[in-house]
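Okay, so the sequence shown: first residue is 76 according to my numbering, each after it adds one. Backbone N, C-alpha and C define an ideal beta-carbon position, used for all residues, glycine too. A quick write-up on the structure given underneath.
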Amino acid sequence: ASQGSEISAIPGKYSQAESTKFLALTVASILCIAGVLLASSVLYCLRHRSHHKLKEKLSNLGTDAGQDATATYQELCRQRMAVKPPADRAEPTSSRINSVSSQYSDGGGGGASAVSPSARSSLSSWSEEPAQPNMDISTGHMILSYMEDHLKNKNRLEKEWEALCAYQAEPNACTVGLKDGNAKKNRSLAVVAYDHCRITLRLENSQGNSDYINASPIMDHDPRNPAYIATQGPLPSTVADFWQMVWENGCVVIVMLTPLVENGVKQCYHYWPDEGSNLYHIYEVNLVSEHIWCDDFLVRSFYLKNMQTNETRTVTQFHFLTWLNQNVPETSRTLLDFRRKVNKCYRGRACPIIVHCSDGAGRSGTYILIDMVLNRMAKGAKEMDMAATLEHLRDQRPDMVQTKDQFAFALTTVAEEVNAILKALP
Ligand SMILES: *[C@@H]1O[C@H](CO)[C@@H](O)[C@H](O)[C@H]1NC(C)=O
Ligand SMILES: CC(=O)N[C@H]1CO[C@H](CO)[C@@H](O)[C@@H]1O
Numbered sequence: 076a077s078q079g080s081e082i083s084a085i086p087g088k089y090s091q092a093e094s095t096k097f098l099a100l101t102v103a104s105i106l107c108i109a110g111v112l113l114a115s116s117v118l119y120c121l122r123h124r125s126h127h128k129l130k131e132k133l134s135n136l137g138t139d140a141g142q143d144a145t146a147t148y149q150e151l152c153r154q155r156m157a158v159k160p161p162a163d164r165a166e167p168t169s170s171r172i173n174s175v176s177s178q179y180s181d182g183g184g185g186g187a188s189a190v191s192p193s194a195r196s197s198l199s200s201w202s203e204e205p206a207q208p209n210m211d212i213s214t215g216h217m218i219l220s221y222m223e224d225h226l227k228n229k230n231r232l233e234k235e236w237e238a239l240c241a242y243q244a245e246p247n248a249c250t251v252g253l254k255d256g257n258a259k260k261n262r263s264l265a266v267v268a269y270d271h272c273r274i275t276l277r278l279e280n281s282q283g284n285s286d287y288i289n290a291s292p293i294m295d296h297d298p299r300n301p302a303y304i305a306t307q308g309p310l311p312s313t314v315a316d317f318w319q320m321v322w323e324n325g326c327v328v329i330v331m332l333t334p335l336v337e338n339g340v341k342q343c344y345h346y347w348p349d350e351g352s353n354l355y356h357i358y359e360v361n362l363v364s365e366h367i368w369c370d371d372f373l374v375r376s377f378y379l380k381n382m383q384t385n386e387t388r389t390v391t392q393f394h395f396l397t398w399l400n401q402n403v404p405e406t407s408r409t410l411l412d413f414r415r416k417v418n419k420c421y422r423g424r425a426c427p428i429i430v431h432c433s434d435g436a437g438r439s440g441t442y443i444l445i446d447m448v449l450n451r452m453a454k455g456a457k458e459m460d461m462a463a464t465l466e467h468l469r470d471q472r473p474d475m476v477q478t479k480d481q482f483a484f485a486l487t488t489v490a491e492e493v494n495a496i497l498k499a500l501p
């Protein structure tokens with residue numbers, strides 16, 4: 076019997092030890108779970124707080140809150156405002172188009188069919204494009220610290236600009252663009268496409284006997300697919316070349332950053348029909364519509380036809396009217412809204428965006444610098460260096476971004492967009 080009780084006692088003892096173990100394990104895992112929950116909620120709170128702090132800091136950067144930390148930034152803004160172009164803003168929107176069209180004497184003649192009056196309209200329901208909230212918090216922090224560093228070191232921008240002025244691109248030969256027969260196709264002697272980085276036209280389709288056009292493919296990372304083509308505003312003798320380039324590179328969006336004439340000086344040839352259609356060599360361009368978005372920019376839509384193959388394509392031109400040569404736009408906000416409209420139209424395409432002003436370097440370089448940096452951030456870039464990005468642009472086309480004010484404008488415009496994006500975050 077004693078043996079029996081012992082035997083029966085063993086499993087009893089065993090199960091008691093087992094249940095103690097089980098209890099301990101249960102308590103341990105409950106503690107573990109509670110610990111994880113606590114840690115994650117603390118982490119969440121911290122992130123939330125830093126998120127708010129970041130938002131707060133960035134809105135201070137962008138607003139007029141008179142704080143010491145933002146004084147330098149505001150000084151930067153004031154300097155920028157002091158050189159704002161004397162844009163004629165008194166003109167009513169609806170008559171803007173007439174005054175613009177009547178500025179040239181060298182415009183193309185009218186075509187067969189006129190644009191219907193309804194197509195040429197001022198949009199009464201004009202609205203600003205909202206910022207796309209697509210940035211992660213660490214990118215926001217990174218940009219904030221980059222901006223803060225420019226605020227603290229007053230000389231940093233100055234130093235960066237001096238270094239950029241001394242920067243020598245290598246290679247930098249422009250022998251093709253300066254050759255007899257090609258030289259007359261350049262608007263300026265200073266900005267000629269590099270031999271190693273230029274758009275070439277197909278000889279068999281070109282009007283002249285040359286593959287040269289003053290245009291440079293601009294890559295971001297992918298050397299096979301340029302993101303932009305930076306080019307000069309067409310001359311009367313290079314309009315057909317321009318449309319050939321649009322055709323051969325599959326382009327559907329043109330960003331034009333100059334008025335046709337500034338203070339009596341021609342900046343760009345009127346390279347599209349005022350109404351109806353014009354034929355440029357084998358490329359027929361039909362003006363389909365013209366919408367005035369606001370005082371600062373308008374949008375035209377063209378129907379482009381290759382008369383050799385009968386193929387057609389729709390091309391949209393975004394024309395910024397109030398940005399003068401060697402200058403900056405009146406506000407970052409207007410340019411950012413313009414950029415959002417361009418990118419909304421472009422979204423999902425793989426072809427390069429054509430960007431031109433007069434020489435295709437000052438205003439065009441500034442626009443491309445801003446757009447490239449903002450696109451990289453939207454893709455989650457973990458570092459930002461405006462000066463290095465500009466050197467990357469200058470490796471591909473000379474003189475990109477021409478004044479220190481334009482460089483500072485690019486910086487403040489990027490900061491303003493980051494601010495708008497973070498404000499739009501839920
Ligand atoms: C283009 O269209 C015209 C007129 O319809 C026609 O005569 C011509 O053969 C077409 N060309 C091609 C390459 O399809
Ligand atoms: C370097 C050069 O020859 N530049 C010319 C480019 O073309 C324009 C317009 O034809 C001329 O005025 C420039 O002299």
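Exposure of V330, with buried meaning 16 or more beta-carbon neighbours within 10 Å: Here residue 330 corresponds to residue number 255 of the sequence shown, with the count starting at 1. Classification for V330: buried.
CB contact flag (L468, M475, <8 Å): Translated into the one-based positions of the sequence shown, residue 468 becomes position 393. Translated into the one-based positions of the sequence shown, residue 475 becomes position 400. Yes, they are a contact pair.
Q392 and Y358 closer than 8 Å at C-beta: For the purposes of this step, residue 392 is taken as the residue at position 317 of the sequence shown. For the purposes of this step, residue 358 is taken as the residue at position 283 of the sequence shown. Cβ atoms of Q392 and Y358: not closer than 8 Å.
Contacts around A485, its chain only, beta-carbon distance under 6 Å, and the 5 residues preceding and following it disregarded: By 1-based counting over the sequence shown, the position of residue 485 is 410. Excluding positions up to five away in sequence, the list reads T441, L444 and I445.
Contact set for N257: own chain, Cβ-Cβ below 7 Å, skip 5 residues either direction: On the sequence shown, residue 257 is found 182 positions in, with the first residue counted as 1. So the qualifying residues of the chain are V251, S285 and Y287.
Heavy atoms of ligand 1 versus C-beta positions, residues under 6 Å: T384 and N385
Nearest-angstrom Cα separation, counted from I274 out to L239: Mapped onto the sequence shown, residue 239 falls at position 164. Mapped onto the sequence shown, residue 274 falls at position 199. In a straight line, the C-alpha of L239 is about 25 Å away from that of I274.
L219 CB to nearest heavy atom of ligand 4 below 7 Å: Absent from the structure shown: ligand 4. Ligands present: ligand 1 and ligand 2.
Touching by the beta-carbon criterion (3+ pairs, under 8 Å), the stretch 416-425 and the stretch 353-367: no
H394 (DSSP reduced to helix, strand or coil): Position 319 of the sequence shown, counted from the start, is the residue given in the question as residue 394. H394 falls in the strand class under three-state DSSP.
K259, buried or exposed, once every other Cβ within 10 Å from all chains shown has been counted against 16: Along the sequence shown, one-based indexing puts residue 259 at 184. Label assigned to K259: exposed.
Minimum C-alpha distance to E235 - residue among L497, A463, I496 and D470: Numbered from its first residue, the sequence shown carries residue 235 at position 160. It is A463 whose Cα lies nearest to the Cα of E235.
Buried versus exposed, by CB contacts within 10 Å (16 or more), D211: The residue you call residue 211 lines up with position 136 of the sequence shown. D211 comes out exposed.
4 or more residues per run - each alpha helix (DSSP H) lying fully within the stretch 224-254: 229-241 and 250-253
Counted within 10 angstroms of its Cβ, other Cβ atoms place C326 as buried (16 or more) or exposed: By 1-based counting over the sequence shown, the position of residue 326 is 251. Per the 10 Å Cβ criterion, buried.
Inter-stretch contact (C-beta, 8 Å, three-pair minimum) for the stretch 419-433 and the stretch 297-304: yes
For N381: DSSP bridge partner residues: Against the sequence shown, residue 381 aligns to sequence position 306. Beta-bridge pairing links N381 to Y358 and E386.
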